[in-house]
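The sequence shown begins at 0 in numbering that gives the first Met the number 0 and counts up one residue at a time. Ideal Cβ placement from N, Cα and C applies to all residues, glycine included. Quick caveat, the model's predicted, so the values are computed rather than measured. Note sheet for the following structure.
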Amino acid sequence: MTNPTNHLSKFLGQEDEEQDLKEAHEFAIIAKYCPRRHKLSGIYLRVQSSRERACRWRACSVMGSPAHRCRDIERQAGYLQPEHCAPPPPRSTAGDMWFIRDGCGIVCGVITWMLVFFAEFVVVFVMLLPSKNLAYSLVNGTLFNGLAFLALASHFRAMCTDPGAVPKGNATKEFIESLQLKPGQVVYKCPKCCSIKPDRAHHCSVCKRCIRKMDHHCPWVNNCVGENNQKYFVLFTMYIALISLHALMMVVFHFLFCLEEDWAKCSTFSPPATVILLILLSFEGLLFLIFTSVMFGTQVHSICTDETGIEQLKKEERRWAKKTKWMNMKVVFGHSFSIGWLSPFSVPDHGKADPYQYIV
């Protein structure tokens, strides 16, 4: 088992002789050790008053006698050494493109678009164009293509929108001092991306970033679902469920129509090819309807309860203010209810949403 003190020493710097020893606050870096996994589970910084001379690091091990399972290791309080962190990058703007270079996610994203285009092909060329009812073809064609366009646009926005990544390498002494912490306050540092994590932020091993209000990483959108793109993910699941339901209804009507008429006259394709294409579309529509409906329901429930999927799985203690369900919906979709809630092209106006706190 790796000695946790070796990990701790990497984050504990020596006192700088040039620093004024009479400063009001000193930063202590404390490592929390996870006994079940035998590795560091996180790093956090606690502000100490000038009277406190040392910080205590508690390591609980599952090995050894009960008398030695828990022990306190005292370390002199040191300043956060910024040499372990790269300089923080410039803040991203709304116009910056966000894209995760993950092979599995890219393949899943391409498959998603191909399945939508396959459904478009079957609906338009197998069912609507051969139909003799022009009004039926126009209404259903416009509705299906409109929903499919909104679904793909929502997918693109969910994939290429920064989900709320915390700037990399901002765990510097200058940044900590800018927070104006008081004695006893705690901020968390991610040891993987060297970032000071706000409350409710989690590190994604695929995106390799800490994401604010991270719900989960979805390979189908090749991105994390977080604070900034949750609206687009909800719209994506909703529109996919709607076009799946619409496609299934048209398949049923087409089968009934072809049973009454001659199969050779109800489609430009041969009867065996028509049946195979309709069966494949039915299977795809049913599968996506169930999957996206469940995802849509869980996302709406997560928004209403203001609890992300990770927080539900970890059963984390609730440290944030409780708001009404309607207020939680407005935080995600925008504070002024409008048709923009259903548009993947409108950016949510979070209005007076609570600022994201670095301090715990």
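- 8 Å or more divides the Cβ of ILE195 from the Cβ of ASN227.
- Residue pairing by DSSP puts ILE210 in a beta bridge opposite ALA164 and HIS201.
- In this model, VAL331 and ILE302 are separated by some 8 Å (Cα to Cα).
- HIS201 is positioned such that its CB atom lies closer than 8 Å to that of CYS209.
- At a Cβ-Cβ threshold of 8 Å, SER243 and GLY183 do not count as neighbours.
- Of the residues GLY163, GLY333, THR236 and LEU178, the one whose Cα lies closest to the Cα of CYS206 is GLY163.
- Approximately 47 Å separates the beta-carbon atoms of LYS212 and THR273; this is outside 8 Å, ruling out the contact.
- For the pair PHE174 and PRO197, the Cα-to-Cα distance works out to about 13 Å.
- For ILE309, DSSP assigns no beta-bridge partner whatsoever.
- Counting along the chain, ILE195 sits inside no alpha helix (DSSP H); it lies in the beta strand (DSSP E) bounded by residues 194–196.
- DSSP places CYS223 inside the beta strand (DSSP E), whose first and last residues are 222–224.
- MET158 places its beta carbon 8 Å or farther from that of GLY225.
- Residue state for HIS154 is assigned as helix, using DSSP reduced to three classes.
- Secondary structure at LYS172: helix, using DSSP grouped into helix, strand and coil.
- Annotation for CYS107: the continuous alpha helix (DSSP H) segment containing it runs 102–120.
- In the structure shown, the three-state DSSP call for LYS230 is helix.
- Exclusion of the five residues before and after MET96 leaves CYS159 as the residues of its chain whose Cβ lies within less than 8 Å of its Cβ.
- For a cut-off of 8 Å, the C-beta gap from HIS253 to PHE143 is around 13 Å, too long to register as a contact.
- Distance from the CA of ALA118 to the CA of LEU241, rounded to the nearest whole angstrom, comes to 13 Å.
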